[in-house]
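Count the sequence shown with the numbering used here and you get residues 17 to 99, in order. Heads up, the beta-carbon is just placed ideally off N, CA and C, and yes, glycines get one too. Accompanying notes for the structure given below.
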Amino acid sequence: MPKSPAERQAAYRQKHLHDLDGTKARLNLLIEHRAKLALVRLANRYGVTQTELLERLILEAQTRELDGMSAEDAAAYYDSVTA
Numbered sequence: 017m018p019k020s021p022a023e024r025q026a027a028y029r030q031k032h033l034h035d036l037d038g039t040k041a042r043l044n045l046l047i048e049h050r051a052k053l054a055l056v057r058l059a060n061r062y063g064v065t066q067t068e069l070l071e072r073l074i075l076e077a078q079t080r081e082l083d084g085m086s087a088e089d090a091a092a093y094y095d096s097v098t099a
């Protein structure tokens with residue numbers, strides 16, 4: 017029996033969940049149209065992919081946040097989400 021479109025999509029996502037070295041995780045979300053356009057423009061301006069730009073922005077924001085934390089707060093921050 018042929019697979020339904022939803023079954024095919026689920027199989028594709030499972031197969032492509034991680035990159036070749038296993039360091040990536042899927043992020044599936046909807047954002048405001050203006051934010052998406054800004055993401056495209058900024059990625060083009062800096063000559064990087066949208067993924068690279070998002071990763072950079074998120075990690076820079078985390079670094080700024082951690083810079084103002086005590087060691088205890090930083091440990092609690094890291095312990096708050098493990099996956």
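- Task: In the DSSP assignment, find the alpha helix (DSSP H) that holds residue 74 and state where it starts and stops.
- Result: Position 58 of the sequence shown, counted from the first residue, corresponds to residue 74. In the DSSP assignment, residue 74 falls within the unbroken alpha helix (DSSP H) covering 66-83.
- Sequence ranges, alpha helix (DSSP H) only - wholly within the region 23-56, length at least 4: Secondary structure in the region 23-56: no alpha helix (DSSP H) run of 4 residues or longer lies completely within the stretch.
- Message: Whether or not the region 55-62 and the region 83-99 are in contact is what I'm after, with contact meaning three or more pairs of Cβ atoms, one per stretch, closer than 8 angstroms; do they touch?
- Response: No, they do not touch.
- Could you give the distance in angstroms between the alpha-carbon of residue 40 and the alpha-carbon of residue 28? To locate residue 40, count along the sequence shown from 1; it is residue 24. To locate residue 28, count along the sequence shown from 1; it is residue 12. Taking the straight line from one Cα to the other gives about 16 angstroms.
- Message: Between the alpha carbons of residue 37 and residue 18, how many angstroms are there, rounded?
- Response: Along the sequence shown, read from residue 1 onward, the residue named residue 37 stands at position 21. Along the sequence shown, read from residue 1 onward, the residue named residue 18 stands at position 2. Each residue's alpha carbon lies about 32 angstroms from the other.
- Indicate the three-state DSSP secondary structure (helix, strand or coil) for residue 18 in the structure shown. Translated into the one-based positions of the sequence shown, residue 18 becomes position 2. Residue 18 falls in the coil class under three-state DSSP.
- Query: Among 77, 58, 26 and 53, which has the Cα closest to the Cα of residue 44?
  - Reply: Here the question's residue 44 lines up with position 28 in the sequence shown. Per the Cα distances, 26.
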